[in-house]
Structures are given as structure tokens and as C-alpha cells.
Amino acid sequence: MSFTVKDIAASLGAEAFGDVSISITGVAEPAMAGASDLALAMKPAFAKGLPEGQAQAAMLWAGADWQALGLKAAIVAPRPRFAMAGLSAMMDAGQGYAAGVHPSAIVDASAKLGADVTVGPLAVIAAGAVIGDGSVIGPQCFIGMDATLGQGCFLREGVKIGARVTIGDRFIAQPGATVGGDGFSFVTPEESNVEKVRDSLGEAGEAKAQSYARIHSLGSVSVGNDVEMGANACIDCGTVRDTRIGNGVKIDNLAQIGHNVEVGNDTLICAQVGIAGSTRIGHNVVLGGQTGVSDNIFIGDHVITGGATKVLANVPAGRVMLGYPAMKMESHVEAYKGLRRLPRLFRDVAALKKAVLNADGND
Amino acid sequence: MSFTVKDIAASLGAEAFGDVSISITGVAEPAMAGASDLALAMKPAFAKGLPEGQAQAAMLWAGADWQALGLKAAIVAPRPRFAMAGLSAMMDAGQGYAAGVHPSAIVDASAKLGADVTVGPLAVIAAGAVIGDGSVIGPQCFIGMDATLGQGCFLREGVKIGARVTIGDRFIAQPGATVGGDGFSFVTPEESNVEKVRDSLGEAGEAKAQSYARIHSLGSVSVGNDVEMGANACIDCGTVRDTRIGNGVKIDNLAQIGHNVEVGNDTLICAQVGIAGSTRIGHNVVLGGQTGVSDNIFIGDHVITGGATKVLANVPAGRVMLGYPAMKMESHVEAYKGLRRLPRLFRDVAALKKAVLNADGND
Amino acid sequence: MSFTVKDIAASLGAEAFGDVSISITGVAEPAMAGASDLALAMKPAFAKGLPEGQAQAAMLWAGADWQALGLKAAIVAPRPRFAMAGLSAMMDAGQGYAAGVHPSAIVDASAKLGADVTVGPLAVIAAGAVIGDGSVIGPQCFIGMDATLGQGCFLREGVKIGARVTIGDRFIAQPGATVGGDGFSFVTPEESNVEKVRDSLGEAGEAKAQSYARIHSLGSVSVGNDVEMGANACIDCGTVRDTRIGNGVKIDNLAQIGHNVEVGNDTLICAQVGIAGSTRIGHNVVLGGQTGVSDNIFIGDHVITGGATKVLANVPAGRVMLGYPAMKMESHVEAYKGLRRLPRLFRDVAALKKAVLNADGND
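So this is what it looks like as C-alpha cells:
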């Protein structure tokens, strides 16, 4: 894999300077760059490492003096972070899965594989499954009965897709991701304590021992186009209709999406986020790592939650939330500033009580 | 799969009305129902969608006027949510795993398979394992040495059961669930900082760099009857004796149950819950999603924790808990109401100080 | 597997008393011990169970009167918890994986296997992978292209190692652990709301709908010696350079380590911990279960976080932290003591206002 500086710049829509015929075989941090690496120094602070490395060419910030930095060539992109998307796609060495259907894979005779589909060793494709053109089903993956994947999908090792799941084009799933587990839905013969607590907001009343009956998931999962799923992340089936994931949704490792959840387009769900059953998440939402969202609520478009926010109630569109329970970020910052100063406040109030009420102040 | 309205009502112990000979092939939300679907409209609000769909029959709330809703037949169950358990079991199309032992499965000659056991493609069953009658070991599952599963178990694709694990009847596990990983137990040659902090409640004193030695898990895991486990959920082995899961326990996706933990009967453990080592959980407990429970503590029977509750100390039976650190739900609601009003309280106290002490109020 | 009391004591560097020729085949809790079990009663409280069991020999606390406890032999170790490491290693019955390369494993011709390597049934080892002497690759594992594992590694069933991952000696991974998923790194064509919020600390301004472009991970993962990983835990690849895990790091089940993260030596990462991208964790750190650490921050050496601590900013070396957002443990205890007493404080201040300002106190 080798590109000239000129080729790279052209493909990124970036400007190239100097000897643009230099051949590039990889990218590296400045201090660790070899002679054929493109050093990444998109901020002045990163350029300090250039003398330690051997890069002849670098990707730099707008206005950088590449010659003064001792380089023979440079690329300058208007939004360097966005340029990384194109650059990293060009330079990705990939997983090296061999093309074609591996002889050890178990593909049901009734499954329909499109053109140029790769099926890795020891993968299983069940009856009635449909795989779109150019998709890659990695080693040891499982594709369930009547599941449908679109074109250009890429499933890493050990991804599991359950029966009747429908997935659009260009789906990417990291190792161990699972789509289509049964939803977690159980019911007791009589009203349970949890139902009582929800009605009374706190009082369980008489505790009664009951066993649970399971509610089977009759729905499956529908996933749009350009969706990604992280390692060991999970999406559960819906109870009656499908759980629905919109287009362009990105889900990180170990995230959990419960039954009946609906996620809007271009929403980002970071690692270890949990979304409980029947909750709706809008478009262009960002849920920070370890965010938790209660069941049966609604998160509006463009909402952002900070890391570990626990959302227990509806959030209107556009809010930036933080904390447990979730508050508007400004309120959270204020409230926790106060929390840290509480011991002092108690002392102040005790002193006031003593002064005013002639009381002991010792509560 | 087709049932008459009469058959369905009979099997649910529900009442049927109208043309009970209508043939039903599935269930659906009212607006999406086809002519042979049973529409689910167990609350009046859900019935609004009926005209948009084509359902001839519906499951309705007690007292509903099915004829006025334009239906030809109706089913009314005394507790509709509970009826869903039976109805969903009847209508579940399942995963379609082919019966019998797939030729690609690797079953050790010394493993004992009961009658009518299914072993999916590329599953591995190790030496000495015992699988009860009618159990289904899904594709790519692993059953370890001397592990025992009861009758009527159902393991989805890629479930992993370690050596010497004992599991009762009707166990259900979603994709990627693992039982019998080693417990997380490490020890330093000399007292560690964590041990010091636990003793002193906050002071680590002199920090010393030490490496960890592992404590192997000599116990395994014992699981009762009618237990369920979610996708990619984990139960670890005990150190000396088995980690123990009671009867009827339901564990959701990505939950973690540490070494030596004991979980009582009919306890519900929601998604991403973590229970640290050697903690005991009572019967009929409900741990809401993302709840965390410290090691070596005790949670009494019938305790309920709200989503993301972090339990750092014992909880007596019957309590409803919320927050981090966990408080009784009423106290939590009170405390956080106060937290949001803290900035105002600081201003009030500053004003009071000024008025009373003639002080500046600026702390 | 059978050892004399004398042998066990010698191997643990412990003292033996009484009939040290007694043959021991296992260890057990005192009440459950059989005649050939070594009972574990390292604290006086545990010795109460001895009469209920049948143990002839026990591991006891320093100074215990073994004869008065009715035993024929005893072992006394200076630090009993540390002795458990050696004792449990001796007594571990293991997983029973058969030695050698199973005929169903798919090992690429270009992979290099050291001496005495075990490869379990249905494991896949890709082109260019290198496995060190004595390592065990469990059933259904996946080792990616050009990945390197050192000597004496032990991978349980279904562990997945991606392309170009480098792992040292004696690595242990529990079922379903994954190393080398792609990092979660996405970028919008124009500045996103998250970027705006980070700049303004709270104001997203005009919300604009944008789709994400993925940044591929060009780095891989480098793991030191003596590292352990729990079931279904995940370590992601770095963006440009490798994500780096030091020597002696222990990672529990379902933990998540993001792209570019660096973890120092002998650090303990408990279950369900999440470390976001590009964060650096020092040496000898302990992150309690469900701890969350924001991206791009730094945690100093010897830091300890209590369960579910959410670290949103740098933490200097040696700190003991708790809470969300993380505070020093003493401050947290103080602040939350205050939080619980807030309702009373509001009443006190209202009374003061009434007394002082003749105001209504109703805010």
C-alpha cells in the first residue's frame, strides 16, 4: 500500500506542498515516524516530535511553515480531524480476511449470498438468510434464519445476528457484537412490587413472593444503513414489532439497547451505554460513555449527555445533560459546586442559629 | 403456525367474544396489524390505531366494546400483561435451529446427551459433560468438561459454559452469555493500598508498588431451575465453593455476577448490573439497570433498586433504593430536590449572614 | 491430584504441624470439607464450621490451637490471603483442554506455533500469527493476522484477538474477551455540537444535523507480560499508534478500554470499568467496579477509585476517589452526609429567614 503525497492530498480535498511525488506507506505520530510515513502534526504542539522522527512529509495545520519544520512535503487540510477519516480509510491495513466462502463455513442451501460475498472460516449462515453484494461475514460469525444484511457490510469475528433481523447497507460490527437476543421482559401472575412502586413512587407495600413468566420477543430488530456496532455490544428484539435503529447510528463497545427501543438517525451511543426497553432516542443525539436511560421515556433530537449521565425522565430536544439524576449541565455544575461546599454551609447555619435563636446549633 | 381465537383464549384462560373461529397467524400493534393478526390493544389508548390496520380480532381491556371498535372477535384477559406471556409463547417463531446433532459439532465421546437433544453447527461439548433431555445447544456454543445442564434448556448461539458448572432445568441463555469464567481475585505479597484504605476508610498511607498473584477459582457455578441469562452476560466461578444462582433468577444482557456471589430465588437482575464478589442477594429482589453492588455485602429479600443505583452497604429486606450512594427512594427524592435548590440556599445564607453577623457573606 | 500437608506447606513457604503425611486432594470451606480436603479457616470465625465437616487438616491463622480444633494436621501461613494464591494454583483442576492442535482448528500455513502449543477445537489462527511456547489457544478462539502472543498464555473459549495485536508472556483471557476491535472514533464534516459544548462548557448553540465519517484505527494493541482479561472485556485499537497495556495489569469482566489508552504496570481494572479514548492511567492504580474515566485525561500512580466512581478530570497520584463526579473520598463522605441532611437544613434556613428578615421563608 503506497500513495504519493499528491494522491493523498487529492483524495482528501487538501492542499499539498513541496515534493508531492514522495511515496507514503503509512501514518505515524511525529516522533515515531519512519522515512515513508506521513507524520500527523495537525496542531503546533504535535510538531515538536518531528525532529525525533524521520518523516519527510507531514499533515499540518493551516498556515504551518513546513519548510521551517525540516520537511520535504506537507499536506494541509481545512478541517484536519475530518481529513483523518479519509486518510485512515486509505491507510487501513484491514483484518486480512481471505475473500470467498471458506470451506469450513456452514452455509445453508437456502441462504442467498450476493456477488463478492466473503464468508470466513467456521461462520454459520442459517436457512433463508440474505447477504448483500460485497459484504464480509467474518470468521465464526452467526447469521440467523431469514436474517437480511445489505451490501458492503463488514462483520468482524464472532458477530451474532439472530433470526429475522433486518440490517441495511454498510453495517460494520466489531468482534462479539450481538443483534437479536430476546428482550428482557417478564411478568408476574399478580401485580408485582415494581409495578406498585411505580404507581406509588416509593411504597412497595406488602411484599409477596412470585415467580416470573417470560414474554417472548415476537418482533426482531431493524437496522438502517451505515450503522456501526462495537465489540460485545447488544441490541435486543422487540416484543411485538421490531426494535429500530435509524441510519448512520454508531454504537460503541458493550452498549445495550433494550427491546422496542427506537434510535433516530446519526445518533452516537458511546461505550457501556444502556437504553432500557421502549425508550425513544431522537436524531443526532450523543449519549456519553456509561450513560443510562430509563425505560419508556423520550430523548429529543440533538440532546448530548456527558459521561455516566443517568436519564430518568424525558429530555427535550437540544439539552446538554449531566449527572445522576440527569440535570442540565449548567445546573449540575452549580449544584455540585454547592455540594462540595455543604460542610461549610452547615457550619454557617449552625453559627447563625446560635446567634439568632440562641439555640445550640447542634442538629 | 395458526390458532383460532377460541384456542388462544382457552390457552390463556381468557374470555373470547364474537366469531371465535377466526384464524390467527401472528400478533401486531393495532395500526400495523394484517387481517390474520391478533391486534394488541390492552389499553384504550392503543385501540386508536385499529382503524389504520386490518385486524379482525384483538386482545382488549376488560369492559371494552369490541363491536364498537369494528372488530369481528375479541379476547379479554383479566391481567393482560400476564396473558402476553402465554400468547407470546404460542406465537414465537423461534430461531429455527435444526433438530439433532449437527455433523460439524464436536461432541466428546464421554459426554452424555439425553433424549431429543439438539446440538447446533460448530458447537463443542467437552469430556464428561451431561445434557438433559430436550435441551438445545445452539450453534457455536461451548460446554466445558464435566458441566451439567438439565432438561429443556435453550442456549442461543455462542453461549459458553465452563468446566464443572451445574445448571438446572429450562435454563435459557442469549447469544454470547458466559458462565464459569475465573473469579477476579488477586493478592499482593504484602498488604495492599486497597486493604489499607478499607481499614482506615480513606488513608492509603505510603504507596508501595507491588505485583499481583492470582487466586485461582477452585469452585465453579451452580445455577437453579428456570434461570435466564442475557446476551454477553457473565457469571464467575467461586473461589472455594460455587457461585450460586437460585431458581427462577432472570439476568439481563451484559450483567456481571462476581465470584462467590449468592442470588436468591426469583430475583431480577437488569441489564449492565454488576454484583461484586462474595455479596449475597436475597429472594424476589429487583436490581434496576446499571445497578452496582459492592463486594461482601447483603441485600435483603424484596429489595428494589432504581436504575443505576450504587449499593455500597447492606440493604435490609423490603427497601426501595435509588442513587449513588444508594438511599431509600423517598430520601433520595428529598435530597436531590434540595441539591437542585442549593444555589438559592447559599444565596439565602449569605444574605442572612450579612443581616445577622454584619459579615460579608462572601465565603 | 494429591499432595501431602508437608508438600503443600513447603510450596507455600508456610509452617506445617501434626501428621504432615496426610494426603490432601482438595480444599473446602470448613463445614463442607471431606476427609481428604484441606479446610480453609484462616480466621477464628471460619473455624466454627470445622465440627460440621470432616476435615483432618486445615489452613489456620497464626497462633491457632489446631489440636483443640480437633484436627490431625495444620498449615499456618504468615499472610493467609497470599498463601491462597499458591494453594489455589496447586489445586486448580483446570479446564481440561486436550493438548495439541485439534484437527478441527483452522491454522494458516504461515502461522508460527511454538513448542507445546495447544489449539482447541474450531479455533482459527490467521496468516502470520505467532504463538509462543506452551501457550493454550482455547476452543473457538480467533487469532488475527500477524498477531503475536508470548509464551505460556492461556486463552479460554471464544477469545478474539485482532490483526497485529502484540501480547506478552503469560497472558490469561476469560471467555469472550476481545482485543483489537476498532476504536470508536467518528467525525462530522463541520464542527459538531459536542465539540462546541466542550469549547463552551454547556452551550451547544445552533443544532445542525450531520452524519459521521469513521476514523479507522491504524494502530493496534500492545499488551505487556502477565496481563489478565475478564470475560467479554474489550480493548480497542489505537488510532495511529497502539493502545498500550503495561505489565501485570489485571482487567475484569465486561471492562472497556478505549482507543489510544495507556495503562501503567500492575494496575487493577475491575468489572464494567470504562476508560474512554486517549486517557492515561498510571502504575499500581486500582479502578473499582463500574468506574468510568473520561477521555483525554490522566490518572496518577497509586490512585484508588471506589465502586462506580466517575472520573471527569485528572487525578493526581496517590488519591483515593469516590463518587460522581469523583471527589477525594473524605470530601465525598462529608458532602453526602450533608446531602442527606439537606431537607433539615432547608427548614433551619427558612426558620432563620422568618426570624431575621421577617420574610415568609417560602422560597
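Chains as they are written, first to last, in the numbering used here: chain A, 1 to 363; chain B, 364 to 726; chain C, 727 to 1089. Glycine is no exception: its CB is placed at the ideal position from the N, C-alpha and C atoms.
- Task: Please look up how many angstroms separate the CB atoms of C867(C) and A841(C), rounded, as I've assumed it's under 8 Å.
- Result: At roughly 19 Å, the Cβ-Cβ gap does not stay under 8 Å, so C867(C) and A841(C) are not in contact.
- Task: In angstroms with no decimal places, state the Cα-to-Cα distance between G984(C) and E1056(C).
- Result: 30 Å
- Hey, which unbroken runs of the alpha helix (DSSP H) at 4 residues or more fall wholly within the segment 72-97 of chain A? 80-91
- Proximal chain B residues relative to S331(A), where beta-carbon distance stays under 9 Å: Simply R703, P706.
- Message: Using only the alpha-carbon positions, how far apart do S452(A) and T309(A) sit?
- Response: The structure shown does not extend to residue 452(A), since chain A spans only 1 to 363, so no value can be given for it.
- Query: Quick one: is G878(C) near chain B, going by C-beta distance under 8 Å?
  - Reply: no
- Please determine if the segment 529-545 of chain B and the segment 505-515 of chain B are in contact, where contact requires at least 3 C-beta pairs separated by less than 8 Å. yes
- Keeping to the same chain, check which residues put their C-beta closer than 7 Å to that of S918(C); ignore five residues upstream and five downstream. Q936
- Task: For S211(A), return the contacting residues in chain B, with the cut-off set at a CB-CB distance below 7 Å.
- Result: G611, D629
- Query: Where in the segment 180-262 of chain A do unbroken runs of the alpha helix (DSSP H), each at least 4 residues long, occur, reported from the N-terminal end onward?
  - Reply: 193-200
- Message: Below 8 Å, how does it come out for the segment 107-121 of chain A and the segment 34-54 of chain A: are there three or more Cβ pairs, yes or no?
- Response: When Cβ pairs closer than 8 Å are counted between the two stretches, the segment 107-121 of chain A is seen not to touch the segment 34-54 of chain A, the count staying below three.
- Where the beta strand (DSSP E) containing L764(C) begins and where it ends: 763-767
- Message: Once DSSP output is grouped into helix, strand and coil, what is the label at K1054(C)?
- Response: strand
- Task: Answer with yes or no whether the minimum CB distance from K1148(C) to chain A is below 8 Å.
- Result: Outside the shown range of chain C (727 to 1089) lies residue 1148(C), about which nothing can therefore be said.
- Near A788(C), what residues of its chain come up, given a Cβ to Cβ distance below 6 Å and the 5 sequence neighbours on each side ignored? V802, listed in sequence order.
- Message: Going by DSSP in three states, S110(A) sits in which element: helix, strand or coil?
- Response: coil
- Message: Measuring only the C-alpha atoms, how far is I750(C) from S657(B)?
- Response: Here the alpha carbons of S657(B) and I750(C) stand approximately 34 Å from one another.
- Query: For D363(A), which residues from the same chain have a beta carbon less than 7 Å from its beta carbon, with the 5 sequence-adjacent residues on both sides left out?
  - Reply: For D363(A), the predicted model reports a pLDDT of 44, less than 50, meaning its position is unreliable and no value from the coordinates is stated.
- Query: Given D605(B), which residues of its chain have a CB within under 8 Å of its CB, disregarding the five upstream and five downstream residues?
  - Reply: Taking D605(B) as the centre and dropping the five residues before and after it, the same chain places the C-beta of T529, G582, S583, V584, S585 closer than 8 Å to its C-beta, in chain order.
- Can you tell me the Cα-Cα spacing of P321(B) and L705(B), whole angstroms? Past the boundaries of the shown model lies residue 321(B); chain B is included only from 364 to 726, so the question cannot be answered.
- Message: Counting C-beta neighbours from all protein chains within 10 Å, is the total for G1008(C) 16 or more, i.e. buried, or is it exposed?
- Response: buried
- Task: Give the secondary structure of F897(C) by DSSP, where H, G and I count as helix, E and B as strand, and everything else as coil.
- Result: coil
- I think K353(A) touches D1074(C), with their Cβ atoms under 8 Å apart; what is that distance to the nearest whole Å? 6 Å
- What residue range is occupied by the uninterrupted alpha helix (DSSP H) comprising A713(B)? 705-720
- Message: Here's the rule I'm using: 16 or more other beta-carbon atoms within 10 Å means buried, otherwise exposed. How should M727(C) be labelled?
- Response: Counting other Cβ atoms within 10 Å of its Cβ, M727(C) stays below 16 and is therefore classed as exposed.
- Message: Measuring only the C-alpha atoms, how far is K774(C) from N623(B)?
- Response: Counting only the Cα atoms, N623(B) lies some 20 Å from K774(C).
- Query: Along the segment 536-558 of chain B, what residues have a CB closer than 7 Å to any CB found in chain C?
  - Reply: Here the close residues are G539, T541, G544, D545, F547, F549, V550, P552, N556, V557.
- Query: So the beta strand (DSSP E) V320(A) belongs to, where does it begin and stop?
  - Reply: Its beta strand (DSSP E) spans residues 320-322.
- Message: Please tell me whether G669(B) and P679(B) are closer than 8 Å, where the distance is taken between their beta carbons.
- Response: No, Cβ-Cβ distance for G669(B) and P679(B) is not below 8 Å.
- Query: Do you know whose CA, among M90(A), G132(A), C234(A), G180(A), lies nearest L12(A)'s CA?
  - Reply: M90(A)
- Item | Extent of the continuous alpha helix (DSSP H) to which A408(B) belongs | 407-410
- Message: So if I threshold CB-CB distances at 7 Å, which residues from the segment 51-78 of chain A count as touching chain C?
- Response: none
- Message: In this structure, how does DSSP classify M1(A) when only helix, strand and coil are distinguished?
- Response: coil
- Task: Under the assumption that I901(C) contacts G544(B) (Cβ atoms under 8 Å), give the Cβ distance between them as a whole number of angstroms.
- Result: Residue identity check: residue 901(C) is Pro in the sequence provided, not Ile. Correct: roughly 5 Å between the Cβ atoms.
- Residues of its chain near G361(A), where Cβ-Cβ distance is below 6 Å and the 5 sequence neighbours each way are ignored: A caution first: G361(A) carries a pLDDT of 43, below 50, which makes its placement in the model unreliable, though a value can still be read off. Counting only Cβ-Cβ distances below 6 Å, and skipping sequence neighbours, we find A350, K353, K354.
- Query: So the beta strand (DSSP E) E755(C) belongs to, where does it begin and stop?
  - Reply: Taken as a continuous stretch (DSSP letters only), E755(C) belongs to no beta strand (DSSP E), as it is neither H nor E.
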